[in-house]
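Residue numbers (UniProt numbering): 1 to 187. Okay, so here's the structure we're looking at.
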Amino acid sequence: MNPLDRLADLFAGEGSAEYLGEAVTQAQHMLQAGALAEEAGAPAHLVAAALLHDVGHFHGAVTGRDLMEGGHDNRHSHTGADWLGRFFGPEVTEPVRLHVAAKRYLCTVEPGYFALLSEASVHTLRVQGGPMSPEQARAFAAHPGARDAVAVRRWDERAKDPDRPTPGFEHFRPLLEGLLKPDHASA
């Protein structure tokens with residue numbers, strides 16, 4: 001199956017489920033994150049990363065959400081990035097891989113960031129290891145992908161508005177098509 005068709009099916013199927021206690025579905029959340037990145041004028045790879053950042057929560061794609069809801073880290077950022085890596089390059093997958101670390105980082109280095117987190121995001125922060133230590137934060141800041149991951153994280157946090165008009169998955173298909181690895185791009 002074409003990877004974009006597979007993603008479209010995930011957004012339409014599992015994506016219609018509630019999203020870890022948020023007021024939006026999982027698909028709405030991810031679509032809003034992509035739309036926020038697009039509105040900010042982000043490059044295509046960051047729009048894609050924002051759109052796909054939580055694909056690791058889908059059961060059919062990777063490990064699903066049950067562990068997270070039960071208080072165990074499902075490492076959705078890593079498993080999602082690994083799964084997406086079959087189809088997209090590191091410019092898309094690394095911000096996905098690092099978006100949880102970016103939340104932990106921002107909680108350490110940015111006064112007031114923690115107060116922006118939803119109740120569900122505070123819960124997952126605890127499950128994911130809590131705020132970084134100062135040493136961990138310095139190491140994260142030195143990572144070449146830190147800046148992109150922080151950008152995705154900021155869109156992630158804002159993408160939880162049940163009243164926000166949000167484009168559907170098909171809106172992003174041409175952008176994603178242009179980012180597919182050559183062996184997955186359509187002729």
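Ideal placement from N, C-alpha and C gives every residue a C-beta, glycine not left out.
| Item | Value |
| --- | --- |
| Outcome for P95 when other beta-carbon atoms lying within 10 angstroms are tallied against a minimum of 16 | buried |
| Supposed close pair L4, R173 - CB separation, criterion 8 Å | 6 Å |
| Length of the line joining the Cα atoms of P134 and E39 | 33 Å |
| Neighbourhood of A27 by C-beta distance below 7 Å, restricted to the same chain and skipping five residues each side | F11, G15, S16 |
| Spatial distance of H184 from G178 (CA atoms) | 10 Å |
| Cβ-based neighbour list, D54, same chain, cut-off 6 Å, excluding 5 preceding and 5 following | M30 |
| Minimum length 4: unbroken alpha helix (DSSP H) runs contained in the region 95 to 156 | 113 to 116, 119 to 127, 134 to 142 |
| Residue range of the unbroken alpha helix (DSSP H) whose run includes A81 | 76 to 84 |
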